[in-house]
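Keeping their order, the protein sequence lines are chains A and B. Going by the numbering used here, the first sequence opens with residue 1, and the numbers climb by one from there. Going by the numbering used here, the second sequence opens with residue 1001, and the numbers climb by one from there. Where a beta carbon is used, it is the ideal one built from N, C-alpha and C, also for glycine. All of these numbers come straight from a predicted model, not from anything done at the bench.
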Amino acid sequence: MSEKKNVIHVGIDLGTSRSAVSASNGQRHIVDSYVGWPVDMVARKIVKRPVLIGREALDNRSMLDLHRPLERGLLKEGSEKDQEAVRQLLVHLLELAGLGEAARGNAHVRAVVGVPAEALRVNKQQLRTAFSGLVDALLIVTEPFAVAYGIEALLHAMVIDIGAGTTDLCVMKGRYPTEDDQRTLLNAGDWVDEQLERLIAARYPEASISPFMVREWKERYSFVGEPHASVLVNAPVNGKPTELDITDALRAACEGLVPPIAETMLDLVARMDPEYQEKVRHNIVVAGGSAAIRGLDVALSAALQEVGGGVVRTVEDPMFAGSDGGLAIAADAPDADWEKLVV
Amino acid sequence: MRRIDRAKRRILRQAVQDNVATLRGLPPPGLALARPRWKGLLLAASPLLVPGVLVVMALVWASTVGDSAAPAAGNAPAATTPIHQVPPGAVEREPGKPSGSPLESLGAANPDLRLPHPALLDPATLALDVRRIVLDPGHGGDDFGTTGPMGLVEKELTLDVALRTAELLGARGFEVFLTRDGDTSLPLDRRAGVANAMGGDVLVSIHVNWIPNRRARGVETYWLGPTDDPFIKELAAAENRFSGYSLADFRRLLEGIYAGVRKDESRRLAEAVQAELYRSLARLNPALQDRGVKTAPFLVLVATEMPAILAEVSCLSNDEEARLLATGKYRRHIAEALTAGIVAYAQQRAAVARLEGSSQTYE
C-alpha cells in the first residue's frame, strides 16, 4: 500500500495585469503581474530587496528595471529577464499561498493554471518549463473553462472572461471546449487603457499622464452607458496640478469593448445547435478583471435583444473566478491523471 | 472525498488528454495524425509496381537514345528488364574497364550513338505519385523567426500551422513527416537531411513573412532558383541565417540551385499551393494580395532531393494579418489551403500515374 501523500491543490489565474491564486489550504491572493529589479546599487540599498513583485514593484518603479512578463495573457518571449520575471512571479504567488519551497515541507503541490483560449502549443510548453521545480504536477486549461468549471456552468452556458490582455469567450457544451467553442479577442482591459489615454491626450494635449495613471482611473471609475456623475481626476498640466473631466473619454473607451464582444458572442451562439441557442443566451456569464466595468453586462444583454433576448450576468467574484475554478478542477482531477502531468 | 458526477469526470479526462498531447508534442486529441491507408496497399502491390516503373524508365531511356530495337511495353519481359539494360550488341564492356553509366558505356562502344547531352527527363513521364509529404515548420528553438506586434512569434505560428496541416493531410491518406514537432532548433542542412532520409515525395517549408512596408499583406510561394529582386535576396539571407552549411558545401549547393532537375515539379507544386492559399484566405482577408510564385535561393530547398517549396503564408508585419494570425480559425484556414494545394498537385501527378497504370487516388 502506498504512503498517503499530503496533497495541496492550487488554482492560478496568470493574468497580464493581475494574477490570482486560490489554494486548498484556504489561501487566496491577488498580485499585480509586475516584477522589478533595482537598477543600481543605490536603488538596491533603498528598496532593500533584490527583486520586488506586484504592487511594491509598481510603487517603486522609478528605481526598478520593471517587467510585465505576460503579454496578451501569454508568456513574453525573447528576453531572459522576462522569463526570469515569470518565474519570480510564480514563486511569489506560491509563497503567498504558503506553498513556497521552505513552507510546503513534503506537501505534494498540484496546480491548475488558466491560459487564453487560443494560446499556442509552444507557449503552453514554455509555461510548463516556467513551473518546473515549483509544483509537482501541472494541468493547463483555458481561462474561460476554468471559470465555467468553478461556477458549474458546464452545459448550455457561455463564459466571457475579460482580462487585461485578452477577452476569451467560450461556449460550454458539456465537454472540454474545442477550438470551435472558443474565441480570443485582443480587445480587453489594456486596449481600453490605450483608447482612454489617446482620448484624454486628444482633449488635454498639455496634460502629462502615464499609463499607470490611466489604468488606475479606469479601474476606479469605468462604466458603460449613462454616467452616475462626472468623472474628475487630477493630472499635471504644464507642471501644475489640474482637474480633468474624463467622463466622455472613459465612456467612449469602455463602450468600445461592447461591439467586438457582442459580435463574437452572437456568432458563437449562432453556431450552436438551434434547440440550445435560447438556453445559452439566458446563461451568459462575464468574469475577469474588466468584468468590473459598470454596466457592461447590461450592454451585452441589450445586444442579445436582436436575436430574441437573453441574460448576461457578472460572476460574484470576478477577480478570483479563474483561480477558484482552477482550484475546483485540481481538487476533482483523479490521482491517476495527475501522475501523467508531472513537471 | 468529493463526489464528482460523470459529466465532470469526462470533461476532466478530456482536459488531461489535451495536456498529455501537448507534453508529448502531439496534436490535440482529435488532431492525431492519421495512419496512412495506402501503406499496406503499396507493400502488397510492390512486386507489380517496381517492375512496372522499371519498364517505363527503360522505355523512356530507349526513346531518348532513339533506339528502335527497344522492346514495346506490351512485349517486354517486365519482371526481368533492369533499368540499365541496353539493346543487344550495342554495348559490350571491354574486359578490365570500369563500368560506367549506361550512356557512358554506350558512347565508348559506338561513337555514332554518343549524345551531346542527355535530354532532361520529365518526371511526369515516370508516373510517380505523391504519397509522402514532409512539412517543415520554419525556425524553432533559439531561432524565433520574425515577431509580430502582438507578441506573436513566427516559430510558434509555423509549428501550429504545420501540425494542423499534417492532421488534414493524414486524413486524406498521405503519410506525413514533420522536420520538427516541438520548439527545437534545427539548422537548414538538417531539415533537408530529414526530408531526404524520410524519402519525402515533396517538401513544404512553412514560414510567415515580414515586409518593411507595414501596409503590405499577402501570400507568396517560392521554389528554388536565383533572383535579382533585392527584397527576395534580403528575405533569403534572413531565412538562410541558421544554415548549418560551410563554404566546403558551396559548390554542391550551387549545383543544387542550377541543376534544374526538380525545377518544373517544384514550380508546379508552388503554383498549386499559391493558388489555394490566395483563393482560400482571401475570403477571410479581403485585402489579401496575391504576391505570386517566385524563385529564391532558400537553402532549405537546395539540398532536398524532392520537389520543394517555401510558402510565406501570411505577413506578421501587417497589423490586420497579425490579428488574424492570432486566431485559430485563420491558422486552420491556412492549413486547409496548404492541404488543398498539396492535394491539387498530388492529383495532377496521380492523373499522370493513372495514365501509366497506377491506381493510387486521393479523396
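query, result
"Does the beta carbon of N1196 (chain B) come closer than 8 Å to any beta carbon on chain A?", "no"
"Is R1323 (chain B) close to chain A? Criterion is C-beta to C-beta, closer than 8 Å.", "yes"
"Once DSSP output is grouped into helix, strand and coil, what is the label at W1210 (chain B)?", "coil"
"Is the beta carbon of R1131 (chain B) closer than 8 Å to that of E1167 (chain B)?", "no"
"At the level of alpha carbons, what is the spacing between V224 (chain A) and E255 (chain A)?", "6 Å"
"Relative to the C-alpha of S290 (chain A), which candidate in A:L300, A:D245, A:E316, A:D161 has its C-alpha closest?", "A:D161"
"Using a C-beta to C-beta distance shorter than 9 Å, which residues of chain A count as neighbours of V1313 (chain B)?", "Going along chain A, no residue has its Cβ under 9 Å from V1313 (chain B), so there is no contact; the nearest lies around 15 Å."
"Can you round the beta-carbon distance between V192 (chain A) and M172 (chain A) to whole angstroms, since I take them to be within the 8 Å contact cut?", "Actually they are not in contact, since the Cβ atoms of V192 (chain A) and M172 (chain A) sit about 26 Å apart, beyond 8 Å."
"Beta-carbon within less than 8 Å of G1141 (chain B)'s beta-carbon, same chain only, minus the 5 sequence neighbours each way: which residues are those?", "K1155, D1183, T1184, S1185, L1186"
"Would you kindly report the start and end of the unbroken alpha helix (DSSP H) that includes R313 (chain A)?", "Premise fails: R313 (chain A) lies in the beta strand (DSSP E), 312–314, not in any alpha helix (DSSP H)."
"For the region 268–288 of chain A and the region 310–320 of chain A, state whether three or more C-beta atom pairs, one from each stretch, are separated by less than 8 Å.", "yes"
"Give the straight-line distance between the Cα atoms of A1007 (chain B) and G26 (chain A), rounded to the nearest whole angstrom.", "27 Å"
"Under 7 Å Cβ-Cβ, which residues of chain B neighbour Y34 (chain A)?", "Near Y34 (chain A) there are no residues of chain B at all, since even the closest Cβ is about 17 Å away, more than 7 Å."
"Taking the alpha-carbon of A207 (chain A) as reference, which of A:P241, A:P50, A:L196, A:D181 has the nearest alpha-carbon?", "A:P241"
"Please go through the same chain and pick out, in chain order, the residues whose beta-carbon is closer than 7 Å to the beta-carbon of F320 (chain A), but skip the five residues on each side of it.", "A20, S22, R28"
"Just verifying my parser: in three-state terms, what is the DSSP assignment at L1203 (chain B)?", "strand"
"I need the DSSP call for G1141 (chain B), collapsed to helix, strand or coil.", "coil"
"Go ahead and pull the three-state DSSP assignment for A1109 (chain B).", "Summary for A1109 (chain B): the model assigns pLDDT 36, below 50, so the residue's position carries little reliability; its value from the coordinates is reported in the next sentence. Looking at A1109 (chain B) - three-state DSSP - the assignment turns out to be helix."
"Would you tell me roughly how many angstroms separate the C-alpha atoms of T1146 (chain B) and I1211 (chain B), rounded to the nearest one?", "10 Å"
"For L300 (chain A), which residues from the same chain have a beta carbon less than 8 Å from its beta carbon, with the 5 sequence-adjacent residues on both sides left out?", "I160, V258, I261, A262, M265, I284, V286, V312"
"Give a yes or no on whether 8 Å exceeds the smallest Cβ distance from V1165 (chain B) to chain A.", "For clarity, residue 1165 (chain B) is Thr in the given sequence; the question names Val instead. Output row for T1165 (chain B): interface = no."
"Within 10 Å of its beta-carbon, does L1321 (chain B) have 16 or more other beta-carbons around it, so buried, or fewer, so exposed?", "The identity of residue 1321 (chain B) in the sequence shown is Glu, whereas the question assumes Leu. Buried, because 16 or more other Cβ atoms sit within 10 Å of the Cβ of E1321 (chain B)."
"In chain A, which residues lie less than 8 Å from V1016 (chain B) when you measure between Cβ atoms?", "L139, A333, D337, K340, L341"
"Strictly below 8 Å CB to CB, what residues from chain B border N123 (chain A)?", "E1156"
"If you compare alpha carbons, which of B:D1018, B:I1011, B:L1324 is closest to G1218 (chain B)?", "B:L1324"
"Run down chain A in chain order and give the residues with a C-beta less than 9 Å from the C-beta of A1007 (chain B).", "L154, L155, G174, R175"
"Does the count of Cβ pairs from the region 196–214 of chain A and the region 164–178 of chain A closer than 8 Å reach three?", "no"
"If we ignore side chains and look at the alpha-carbon of each, how far apart do V343 (chain A) and Q305 (chain A) end up?", "47 Å"
"Give me the chain A residues within the contact set of V1020 (chain B), using Cβ-Cβ distance strictly less than 7 Å, ordered along the chain.", "K340"
"Between L1033 (chain B) and A331 (chain A), what straight-line distance do the alpha-carbon atoms span, to the nearest angstrom?", "With a pLDDT of only 37 at L1033 (chain B), under the threshold of 50, the placement of this residue in the model should not be trusted, and no figure is reported."
"So which residues on chain B does I329 (chain A) lean against when the C-beta distance must stay under 8 Å?", "L1012, A1015"
"Just confirm the distance between the C-beta atoms of L127 (chain A) and L70 (chain A), as a whole number of angstroms; I'd bet it's less than 8 Å.", "In fact, because the Cβ distance is near 10 Å, the residues do not count as touching under 8 Å."
"Any Cβ of chain A within less than 8 Å of the Cβ of D1143 (chain B)?", "no"
"Pick out whichever of A:L139, A:E194, A:P50, A:D273 has its Cα sitting closest to the Cα of T1022 (chain B).", "A:L139"
"Between A1270 (chain B) and the rest of its own chain, which residues show a CB-CB distance below 6 Å, the 5 nearest in sequence each way excluded?", "T1221, W1223, V1293, I1309"
"Under the rule that 16 or more other beta-carbon atoms within 10 Å means buried, what is K218 (chain A), buried or exposed?", "buried"
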